[in-house]
Every structure is written in structure tokens, then in C-alpha cells.
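S.K.: Sequence lines, in order, name chains P and U. Quick note on the numbering used here: the first sequence kicks off at 121 and runs consecutively. Quick note on the numbering used here: the second sequence kicks off at 204 and runs consecutively. Cβ atoms here follow ideal geometry from the backbone N, Cα and C, with glycine treated the same way. Note that the structure is predicted; figures quoted are calculated from it, not measured.
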Amino acid sequence: MDADIRLTVDGELHELTVDTRTTLLDLLRERLGNTSPKKGCDHGQCGACTVILDGERALLCLALAVAHDGAEITTANGLAPEGELHPVQQAFLDHDAFQCGYCTPGQVCSAVGLLSEVDRGWPSHATADLTSDPELSDAEVSERMSGNLCRCAAYATITPAVQQAGGAR
Amino acid sequence: MKPFAFARPGSVAEAVREVSAEPNAVFLGGGTNLVDHLKLGVARPDLVVDVRTLTSRETTDTADGGLLVGAAVSNSELAADRRVREHYPVLAQALLAGANGQLRNLATVGGNPLQRTRCVYFQDVTTACNKREPGSGCAAVGGYTRYHAVLGVPAALPDATAADTCIATHPSDMAVALAALDAVVHVLGPQGARTLPFRELHRLPGDDPSRDTVLGHGDLVTAIELPPLPMAARSTYRKVRDRASYAFALVSVAAALDVDGDTVRDVRLALGGVAHVPWRATRAEEVLRGGPATEHAFRAAAEAELAAAQPQPGVDGGNGFKIPLLTRTITATLRDLTEGATS
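1. Once you ignore the five residues that flank T545(U) on each side, which residues in its own chain have a CB closer than 6 Å to its CB?
2. Using a cut-off of 8 Å between C-beta atoms, extract the partners of A295(U) located in chain P.
3. Report the neighbours of A123(P) on chain U: residues whose CB is nearer than 8 Å to its CB, in chain order.
4. Is the beta carbon of Y291(U) sitting closer than 9 Å to the one on S438(U)?
5. Taking any Cβ of chain U, which residues in the region 173-189 of chain P have a Cβ under 7 Å from it, in chain order?
6. Counting only beta-carbon separations shorter than 9 Å, does H206(P) have a partner in chain U?
7. For S257(P), would you say it is in contact with chain U, using Cβ-to-Cβ distances shorter than 9 Å as the test?
8. For A283(U), decide whether its Cβ has a neighbour in chain P, counting only Cβ atoms nearer than 9 Å.
9. Please state the DSSP three-state secondary structure of S223(U).
10. Could you please tell me which residues of the region 441-457 of chain U, in chain order, have their CB closer than 7 Å to any CB of chain P?
11. Give a yes or no on whether the minimum CB-CB distance between Y222(P) and chain U is below 9 Å.
12. Spatial neighbours of A183(P) within its chain, please: CB distance less than 8 Å, with the 5 preceding and 5 following residues excluded, ordered by chain position.
13. When burial is assigned at 16 or more other CB atoms within 10 Å of the CB, is N227(U) buried or exposed?
14. With distances taken between CB atoms, is the gap from N154(P) to T195(P) smaller than 9 Å?
15. Here's a check: name, in chain order, each residue in its chain whose Cβ is nearer than 7 Å to the Cβ of S230(P), leaving out the five neighbours to either side.
16. The alpha helix (DSSP H) with H240(U) in it runs from where to where?
17. Can you list, in chain order, the residues of its chain with a C-beta nearer than 7 Å to that of L237(U)? Leave out the 5 residues immediately preceding and following it.
18. For K442(U), write down the residues that DSSP places opposite it in a beta bridge.
19. Could you tell me which residues DSSP puts in a beta bridge with V252(U)?
20. What are the residues of the region 214-237 of chain U that lie near chain P, defined by any Cβ-Cβ distance shorter than 7 Å?
21. Run down chain U in chain order and give the residues with a C-beta less than 7 Å from the C-beta of G164(P).
22. Three or more C-beta pairs under 8 Å: does that hold for the region 361-371 of chain U against the region 326-338 of chain U?
23. Assuming the contact rule is C-beta atoms closer than 8 Å, T372(U) and A478(U) should be a hit. Round their C-beta distance to whole Å, please.
24. Taking C-beta pairs closer than 7 Å, name the residues in chain P that M204(U) reaches, listed in chain order.
25. Enumerate in chain order the residues of its own chain whose CB-to-CB distance from R502(U) is below 7 Å, with the five nearest sequence positions on each side excluded.
26. Please report how far the alpha carbon of E237(P) lies from the alpha carbon of C161(P), in whole angstroms.
27. Assign T485(U) to one of two classes, buried (16 or more other C-beta atoms within 10 Å of its C-beta) or exposed (fewer than that).
28. Any beta carbon from chain U within less than 9 Å of R240(P)'s own beta carbon?
29. Are the C-beta atoms of S279(U) and some chain P residue less than 9 Å apart?
30. Go through its chain and collect everything with a Cβ distance to T541(U)'s Cβ below 7 Å, but skip five positions before and after it.
31. Please work out which residues of its chain come closer than 8 Å, Cβ to Cβ, to R149(P), disregarding the five sequence neighbours upstream and downstream, and give them in chain order.
32. Note down, in chain order, every chain U residue with its Cβ under 7 Å from the Cβ of R264(P).
33. The alpha helix (DSSP H) with P207(P) in it runs from where to where?
34. Near A450(U), what residues of its chain come up, given a Cβ to Cβ distance below 8 Å and the 5 sequence neighbours on each side ignored?
35. Helix, strand or coil for S236(P)? Go by DSSP, reduced to three states.
36. Counting pairs of Cβ atoms below 8 Å between the region 375-382 of chain U and the region 463-475 of chain U, do you hit three or more?
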């Protein structure tokens, strides 16, 4: 069964007719040719499909396209103007925060989202005092990035990359 | 995935009418559990009615000093709410112990308590499961039972072929905190609006493991109310799991403690990862109230609560480890709250 939706992806508006079963992940990759979000597990367990959805980091594989009519999505492709790097992307390069790179677009979007959350004082499981504003300690970054798996295990360089980007805000 | 019709009505009342009129219809909130079940074939609805943008996304102060949390508030937003962090830390901690940042941004307060068990047999449509397919039996019995129940299960070992067997656990962390806080669920159903105590929302398998809650078809959770509970300012949630982050609870403890000198004036205690429902530890609370606030007394209360616990054997060694683990976790959680009182 089909439905009509409008989506803004990396600044570009799309008007689409979609099967109600289509996830945003499949829509972006298969219909719009945007392969920046990756299909790792397709069950909300790996974080490879993380994007910024209506201002917050979210997984595309568990989002039905039809339920997000009117949404604005920013993928890792759209974080910076063409030919430029977002500070988080630059920090990942500076720290060699990847090996194969498959999880990297999701890692980058997750880092962008968490820095915004920290800016707003959102706590995490690693925040000892819930009434205080969190700092970007190693424990905070690890906890907040726990939804992004890296099978190459680049975690030891991802953490300082996120901290560098956080410090550059 | 089986085809389904999709609707986003203009109001919650209309959404309730649409679901009530279609026997095989479901509500869609954040979708973090339902969309996965659509893919796995665990959920096969004919109609999906989206309520994520219909229910309230506000958390408001109530006249008596509590909070009313709209069903569409995200888990992240509620955990970040300064009122929750200050007055109900057990709830903020439980929310933050669940899932990860991306999922908490999608997940809703109304949907979270209604998520289904993560029993691997429930999620695998090739195996027997009375919850997914009533009457088919329970493949979990004697299987991998590390994440299964020890409380609220029959004293005798369950029969894998019986239609009423289910040893699944409820997976929500938030629900454990809500059970401890005596939260109230606001429901809009085909017969109108009503409220019910959160502790009465979930049900033990009984003779129908397919029903997780007492809600009827077409009943929509519109809000969760937190009553004022001054003692909750000294409360905490402790989750024990196989990884430091992003894993379901083996056991968890939500506790609030009110100590007067060396005496327990009042206490709230609920347990997660150990039963078909978020388990309010009323027996332990009775033992604790009016008694000494000592580690010895905390351990005795935990043991009283767990006296009827029934470990499940399994190919993975079973889940008997949960009983000493829970005893220690309850004791340590209450002790930590006591130490907080004197520092």
C-alpha cells in the first residue's frame, strides 16, 4: 500500500510515493541514492544508519518513511557544504578514527548529535551528578557513543576525535 | 514484511476509534520495537495508526506537586528534564540506563512500557512461543534462560508444551522506576478516558501469556503521571548487565529510601530483569519499614522477597545466578542510598 510523503534530505526537498513498509534507510539508499547511512544490522543494534532526524540523532532503519512525512534529515554527506569538512569529520581524520570506514558516517552523525546534547546539558548514564552539566570525559564519550559499533575497534581514536570536536565548538 | 495500511488521524480520539474498529490494528509510537517486529514477522498488523504526533510532547507540573508526562515525550527529553533529575533521579537514571542515545531520541514515554520482551524465542518466529503464537508452547524452557524470569513463575518447573507457559521478562528500565514511584497511567479507550496505577498495568502470564498488559484493544496510553514523592529525591537505579552499556538488564533495582536516624521510615523498591512484569518488591518493603537501616537488614529484606524465586535451568547453565546477584544488588543499592543520607 502506497502513501505520499515529503522529505528534506541534506537540504533538498523530495516529494515521493512510498510503500508503507519502506524504512527511511531503504528510501535514502535505494530511492534517493544517498548511501551515506549504512545498512549494518537493520535492527537498531549497530548504529551504522545514524543521521540527524529533525534535529536529533536517530536510527533510520527503525523509522518508517510514512511515519516521518515532512521530516528534515541530515546525513554525514550533508553536514558541511560541498568540498568542506564538518569539525567532527576533520577530527576523525586528524585522529585516524576509523579503519574500514563502514561505520564512520554513523559515528560522525552520532558524535554531532551527542555534542548538541551535551551543549544542552543532557545527562548520560556516565554522569555522576545528575543535577550538574556533563563534561566530555572519556567515560562520557564512550557511554554516549555506545550505540555505534565499530568492528575494526577504532574506539580508542574515536573518543579523542569526539573530544577534539567538542573542544572546537 | 506483510503489507499494511497506514493512518495518521487528526486526534487521539480518532486514533482510538480507528484502532478499535479494526481487530488487527496497532498504534505506532516511536517505532523502535514495533518496526523491528514488523521486519521479523513477530507483528503482522493490517493497519498501523501513528500516534507519535498526536499525544502530548509536554511535561507539565500537576496541582499536587507531581508531573504529568505526555506520551510523546521522548525518553531523552524526560531523562534531561531538570525536574525529573532533581525530584525523581531514579527515573532519569533508569531512562539513561536503557538503549542508546539514538534510540532514546526516537522512543516515547507512552510506548516504552508497552515494548515486548526480548526473549530470543519470542523474537524468532521459527520457535514455539505462547506469547507470539498462543498454544504453541515455550521454547525458552530448558533453552537459553540467562535473561528469563525467576519471580512470578510457578514453583514447579514449567512444562514446555503447556499453553500457559511463559518465562519471559519485561525489558524496560523506565518501567521499573515507574513501578517504584507509584506512577499513574492515563488511558484513552473506546469507552473514554480513565487512569490506572502503573503497578496494575502489566500482568503475569496467567493463562494467557500473549497479553503483556491489562490494556484492551484500542486502549491508548496518553500520559504517565508521577505523583509527588519527596523521598524520591533520594532514589537511584542500579542495572547489572553483560556489558557496561547498551545491554538489557540481567537484574536491576529501583529504590527510594527515607531514613530517620538509623531507622527506615519508608522505602520504595522495584526489580527489573527478573519477572514478566516490572516487579514491585512489596515483601521486602514490608520487612524494611520501621526496621534498622543496616546492611544486615537490607540483605534480610532481599532474601524475604526472593524466598519464592524459582531459578530456571537452561543449556546456558540456567539463571540461578540471578538470585544471589539480586540479593547483593538490592543490598548494595539500599546501602548506597543510606550512605548518601549521612554524607
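M.R.: Taking the geometry as given:
1. By one-based count along the second sequence, residue 545(U) stands at place 342. In this prediction, T545(U) scores a pLDDT of 46, lower than 50, which makes its location untrustworthy; no coordinate-derived value is stated.
2. Along the second sequence, read from residue 1 onward, the residue named residue 295(U) stands at position 92. Result: P243, L250.
3. In the first sequence, the residue the question calls residue 123(P) occupies position 3. Simply F209.
4. Along the second sequence, one-based indexing puts residue 291(U) at 88. Along the second sequence, one-based indexing puts residue 438(U) at 235. Yes, the pair counts as a contact, with Cβ atoms nearer than the cut-off.
5. E176, R177, A178, L179, L182, A183, L184, V186, A187
6. In the first sequence, the residue the question calls residue 206(P) occupies position 86. Judged by the 9 Å Cβ criterion, H206(P) is not in contact with chain U.
7. Stepping through the first sequence from its first residue, residue 257(P) is reached at position 137. No, its Cβ sits nowhere closer than 9 Å to a Cβ of chain U.
8. Locating residue 283(U) in the second sequence gives position 80, where the first residue counts as 1. So yes, A283(U) belongs to the interface.
9. For the purposes of this step, residue 223(U) is taken as residue 20 along the second sequence, with counting starting at 1. In the structure shown, S223(U) sits in a helix (DSSP, three-state: H, G or I).
10. S448, Y449
11. Your numbering for residue 222(P) matches position 102 in the first sequence. It does not: the Cβ of Y222(P) has no partner Cβ on chain U nearer than 9 Å.
12. The residue you call residue 183(P) lines up with position 63 of the first sequence. For A183(P), where only same-chain residues beyond five positions count, the Cβ hits under 8 Å are T143, L144, L145, L173.
13. Counting from one through the second sequence, the residue named residue 227(U) turns up at place 24. Label assigned to N227(U): exposed.
14. Working through the first sequence from its first residue, we reach residue 154(P) at position 34. Working through the first sequence from its first residue, we reach residue 195(P) at position 75. Yes. Within cutoff.
15. By 1-based counting over the first sequence, the position of residue 230(P) is 110. Answer for S230(P): G167, T170, R177, M265, G267, N268, listed in chain order.
16. Locating residue 240(U) in the second sequence gives position 37, counting from the first residue. Its alpha helix (DSSP H) spans residues 237-243.
17. For the purposes of this step, residue 237(U) is identified with residue 34 of the second sequence, where counting begins at 1. For L237(U), where only same-chain residues beyond five positions count, the Cβ hits under 7 Å are V229, L231, A246.
18. Counting from one through the second sequence, the residue named residue 442(U) turns up at place 239. Paired residue(s): S455(U).
19. Taking the first residue of the second sequence as 1, we reach residue 252(U) at position 49. V252(U) is bridged to A210(U), F230(U).
20. L231, G234, T235
21. Residue numbering aside, residue 164(P) sits at position 44 when the first sequence is read from its first letter. The contacting residues are T235, D239, L306.
22. yes
23. As a working note, residue 372(U) is residue 169 in the second sequence. As a working note, residue 478(U) is residue 275 in the second sequence. Going by Cβ atoms, the distance from T372(U) to A478(U) rounds to 6 Å, so yes, they are a contact pair.
24. As a working mapping, residue 204(U) is identified with position 1 in the second sequence. In chain order: R141.
25. Within the second sequence, residue 502(U) is the residue found at index 299, counting from 1. Answer for R502(U): T530, T534, listed in chain order.
26. Taking the first residue of the first sequence as 1, we reach residue 237(P) at position 117. Taking the first residue of the first sequence as 1, we reach residue 161(P) at position 41. Looking at the two C-alpha atoms, the distance is approximately 25 Å.
27. Locating residue 485(U) in the second sequence gives position 282, where the first residue counts as 1. Flag for T485(U) reads exposed.
28. In the first sequence, counting from the first residue as 1, residue 240(P) sits at position 120. Closer than 9 Å: yes.
29. If you number the second sequence from 1, residue 279(U) lands on position 76. By this cut-off, S279(U) is an interface position.
30. By 1-based counting over the second sequence, the position of residue 541(U) is 338. Cβ neighbours of T541(U) beyond the five flanking positions: L460, V462, A496.
31. The sequence position of residue 149(P) within the first sequence is 29, counting from 1. Excluding residues within five positions, the ones whose Cβ falls inside 8 Å are T155, P157, K159.
32. Working through the first sequence from its first residue, we reach residue 264(P) at position 144. Simply G304.
33. The residue labelled residue 207(P) in the question sits at position 87 within the first sequence. First-last of the alpha helix (DSSP H) with P207(P): 207-214.
34. The residue given as residue 450(U) occupies position 247 in the second sequence. So the list reads R444, once near-sequence residues are dropped.
35. Position 116 of the first sequence, counting from 1, holds the residue named residue 236(P). If DSSP states are grouped into helix, strand and coil, S236(P) belongs with the helices.
36. yes
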